[in-house]
Amino acid sequence: MAFKSGFVAIVGRPNAGKSTLLNTLLDQKVAIVSDKPQTTRNAIRGILTRDDFQIIFIDTPGIHKPKHKLGRNMNKESYASLSGVDAAYLIVDGTEAIGSGDRFVLDILKTHKIPVLLILNKIDLLPKEKLLDHLDRWNQEFDFAEVIPVSALKQRNIDRLLKVTLDYLEEGVMYYPEGQKSDYPQQFIISEIIREKVLKLTEQEIPHSVAVVVESMTQKKDKLVIQAIIVVERDSQKGMIIGKQGAMIKHIGQLAREELEMITQTSVYLELFVRVEKNWRDRQTLLSKLGYVEPVMDDD
Ligand SMILES: Nc1nc2c(ncn2[C@@H]2O[C@H](COP(=O)(O)OP(=O)(O)OP(=O)(O)O)[C@@H](O)[C@H]2O)c(=O)[nH]1
Ligand SMILES: [Mg+2]
C-alpha cells in the first residue's frame, strides 16, 4: 500500500476543543488546554506517523472578535494555516447553537478551495436526539465534505475520523522524522505548560493578560533549573499572580513543576518571576519578543 501524507488545519471558535482533539489524535499532549477561551495563541503542528501515513495537524487559535493586536495576530495565524493544507477540520462545540461567530468562520473557509470536515465535538454531553437535530442544522449551513461527531475528551469516534481523513490525503513523502510529534522547541512547551497552570488557577481578565517566557534552562547536578517570567499587563495583576504571601505563584509553580518533571523525566527546579509590561498585548515589538510573531499573509 502506498504511503500517504498531508496537512490538516484544525480551525474553529475558541473553546470548541481543537487542542484537546490534537492531543487525542496524537495520544500525547502537544498543545495546552483550558476552559478559558483563547487559550491557544500560536499555530502548533502535531505530527501523527503510522506505518502507512503521516498527517500533520495544525492546531490554531480560536477565531474570535479581537480586542487587541494579539487577538488580531491570533486570527491571522489561523487564517494563514489554511493555505496549502489538504483539508480543514471545522471543530464546533456540539452543545452550543450555531451563531454569528460560527458563520464568520464558515465565511473564511468558503474563500479556500479545500474540503472541510465538520467535527461536531463534545458529544459526550449531548443526548442522541439532540445530536441528529444539530447535525441537520449544520448541514444546512455548508456543503461539508464529511460530518463526524466525536468526543475529543472521551476519545469517541476518533478512529473513524482518522480513517475518513485519509480519503483526503494523497500519496506522499514523510515530512518529519518518525519520532517527532511537534514542531516547537522544548522551551516553548515549557512556557506553555506554565501558562496553562496560570489559566487553570486564575479568573476573569488575568488569563488573557498573561504571557510566559522561559529565560534559561541549565542542568545543575541532577536538577534541571528553569527560570521563567510571567508577564502581566498591570501592577494589580502582578499582585494577583503572586497572591497572599506568595500562595498563588507557589501553587502555579508546584503544578507546573510536577508536569515538567513528568515530560522531561528529570527533577526540575522551577524559578518563577513576575514582570509588568504595560499593554503588551497591543505592542508589536513586545508581542514578537514574547513569541507572538505577526504571521505573513499571502494577501497582505
Ligand atoms: N465534555 C467535553 N469537554 C471537552 C471536549 N473537548 C474539549 N473539551 C473541553 O473544552 C474546553 C476547551 O478545550 P480546548 O481544547 O482548550 O479548546 P480550543 O478549541 O483549543 O480552545 P482555544 O485554544 O481557546 O481556541 C476544555 O475545558 C476541554 O476540557 C469533549 O469532547 N467533551
Ligand atoms: Mg486551543
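Each residue of the sequence shown is one higher than the one before, counting from 474 in the working numbering.
Note that the Cβ used here is the ideal one computed from N, Cα and C, for glycine as well.
Residues near residue i by beta carbon distance below 6 Å, same chain, minus five either side
i	result
histidine 537	Pro487
aspartate 559	Gly479, Phe480, Tyr641, Leu642
lysine 657	Checking the sequence shown, residue 657 turns out to be tyrosine, not lysine. Cβ neighbours of tyrosine 657 beyond the five flanking positions: none.
Close Cβ partners of residue i (< 7 Å) along its chain, the five nearest in sequence each way excluded
i	result
leucine 419	Lying before the first or after the last residue shown, residue 419 is absent from the chain, which here runs from 474 to 773.
Under the three-state DSSP convention, the category residue i falls into
i	result
aspartate 597	helix
proline 622	strand
leucine 426	Given a span of 474 to 773 for the chain in the structure shown, any question on residue 426 remains unanswerable.
alanine 482	strand
alanine 684	strand
glutamine 527	strand
lysine 696	strand
threonine 691	strand
threonine 675	coil
arginine 514	coil
isoleucine 702	strand
Beta-carbon contacts of residue i that lie in its chain and below 8 Å, excluding the five residues immediately before and after
i	result
alanine 561	Val481, Ala482, Ile483, Val484, Leu555, Leu582, His585, Ile587, Pro588, Val589, Leu590
methionine 474	Asp525
valine 646	Phe476, Ser478
Inter-residue spacing [alpha-carbon to alpha-carbon] between residue i and residue j
i	j	result
serine 740	arginine 730	9 Å
tyrosine 765	histidine 541	12 Å
lysine 502	asparagine 496	5 Å
arginine 748	threonine 533	27 Å
threonine 568	tryptophan 611	13 Å
threonine 493	lysine 711	29 Å
glutamate 505	glutamate 665	The question names glutamate, yet the displayed sequence has isoleucine at residue 505. Taking the straight line from one Cα to the other gives about 7 Å.
leucine 635	phenylalanine 617	16 Å
Residue i classed as buried or exposed, judged by whether at least 16 other C-beta atoms fall within 10 angstroms
i	result
leucine 498	buried
glutamine 511	buried
Closer than 7 Å: residue i CB and nearest ligand 2 heavy atom
i	result
serine 781	Here the chain covers residues 474 to 773 and nothing more, so residue 781 does not appear.
Residue i beta carbon near ligand 1 (any heavy atom closer than 7 Å)
i	result
glycine 490	yes
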